[in-house]
Every structure is written in structure tokens, then in C-alpha cells.
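Working notes, beginning with the structure itself.
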């Protein structure tokens, strides 16, 4: 029998987030998350980047804000119910896995992925990051947000219904090492996140903070 480190959790994640989609469609983000998105939008505009791709778009809460900021937006998510809600907001989104993105190489000038890659086990994380790098243009900024941890991989003990979500909770050092193998981590910061509108996995029992980084893919020579 396979352990949690070897199992394929994507189908279970889709089931979980299908069930959560109506709730997540109305969930507000914390001020730090909003500030990070606005900072990233300013970065894109300063670099004359007019389009952004989101991996793990959910119900489109942040996609709507990217569009309001004047950016062309494309998103993918594992959850069909989330995608239906995102499309109801007029967003260009589809069901897809980060392991095999249905886009040509170098097609997006920027990428955004919040609280998504923590669902990817360490055995597959480099495959997903390589896909993000593949679909973004050389020199593109890729913003990633994650919940921290002490390098542990678990099924969330606070999920009350099966299937529970898989989490890979990585230390700051591990996160920077993983992403540093795919480009330059040019921006990295953390902040505490407590219980609330967008509280993270295990907020009731684990010490945690949120990690936000920008990976810059290699520019052409």
C-alpha cells in the first residue's frame, strides 16, 4: 500500500475543493495577501507585462482582481466546481494539473500561484515548477505563496471529511533551495497568518507563517 508521500493526491484534492467551492467563492483574503498581489501587479506594470497566468485559480477571487487591474488573465485549477464558479465571473479558466499544463512554451509573461504548490509532494514538486517555468517567457517573474512548516508531509488532521488534503509544509530554507534550482529567487518574505478568512492548514494547532517569493526565470543570453 502506498504511503502519503507516494500517492497521487490530485483526485482527492479535486473532490475536497469541489465541496468547498461555494464557500471559497465568498472568502476574503488577508491584508498581507492583498498587499502582495497589488505589489506584484505594480511590478508587472513597471515591466510592461500585460498578462498573467494563475496555477490554482480556485473560484477566481484573485483572477477578478487581476482583470480589474487591466491584465489579461488565464487560470487553471483541479476542481471543476471551482472552475465553473470562476467562469461565472467571466474569467478565462480551465481544469488542468500543474504537472501537465495545456499551454505552449513561453506563452505567459508572468505567473501567480498562491497556496497551491503546498499540495504537491516533494517527489513531484520539481516537475510542477519546471512546468511553470516552461509556460512562462524567459525572464518572467513567477510569484508563489506557501504555508510554512518543518519539512513535513501530512494529510491535514483538521479536515473533518474524507478525503483530507495533502500538505507538504516546507521550511524557508527548503523553499528557497527548491525554487533556486529553477532560477533566481529575487524576492522572499514571510509574515504570520492566524485564524481568519484565509487561514491556512492546521491554523489551530501548528505554528506557521506564510511564505511569498518571486522566482525569476533565466533570461535569454
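Residue numbers (my numbering): -2 to 218.
Glycine included, C-beta positions come from ideal geometry on N, C-alpha and C.
Output needed for residue i: all residues of its chain with C-beta closer than 6 Å, excluding positions within five of it in sequence on either side, in chain order.
| i | result |
| --- | --- |
| residue 86 | 57, 61 |
| residue 6 | 163 |
| residue 29 | 188 |
| residue 126 | 179 |
| residue 22 | 56, 82 |
| residue 202 | Legend: pLDDT at residue 202 = 46, less than 50; position of this residue unreliable, value from coordinates given subsequently. Counting only Cβ-Cβ distances below 6 Å, and skipping sequence neighbours, we find nothing. |
| residue 208 | 143, 145, 172, 187 |
Return helix, strand or coil for residue i, following the three-state DSSP convention.
| i | result |
| --- | --- |
| residue 69 | strand |
| residue 19 | helix |
| residue 181 | strand |
| residue 113 | coil |
| residue 129 | helix |
| residue 27 | coil |
| residue 33 | helix |
| residue 134 | coil |
| residue 101 | coil |
| residue 157 | coil |
| residue 7 | helix |
| residue 60 | helix |
| residue 121 | coil |
Given that a residue counts as buried once 16 or more other Cβ atoms are within 10 Å of its Cβ, and exposed if not, what is residue i?
| i | result |
| --- | --- |
| residue 157 | exposed |
| residue 34 | buried |
| residue 55 | buried |
| residue 166 | buried |
| residue 49 | buried |
| residue 47 | exposed |
| residue 215 | exposed |
| residue 116 | buried |
| residue 20 | exposed |
| residue 44 | exposed |
| residue 53 | buried |
| residue 11 | buried |
| residue 147 | exposed |
| residue 145 | buried |
| residue 67 | exposed |
For residue i, list the residues DSSP reports as bridge partners.
| i | result |
| --- | --- |
| residue 54 | Its beta-bridge partners do not exist; DSSP assigns none. |
| residue 81 | DSSP lists no partner for residue 81. |
| residue 139 | 108, 212 |
| residue 74 | 92 |
| residue 164 | 151 |
| residue 49 | 70 |
| residue 189 | 206 |
| residue 145 | 167 |
Excluding five sequence neighbours on each side, which residues of the same chain lie with their C-beta closer than 7 Å to the C-beta of residue i?
| i | result |
| --- | --- |
| residue 94 | 7, 75 |
| residue 65 | none |
Practice task
Mind the definition here: the stretch 15 to 23 touches the stretch 106 to 120 only if three or more C-beta pairs lie below 8 Å; say whether that holds.
Solution key: They do not touch, by the three-pair rule.
Problem - Segment contact flag, the stretch 75 to 82 with the stretch 133 to 150, C-beta cutoff 8 Å, min 3 pairs - result: Not touching, per the Cβ criterion.
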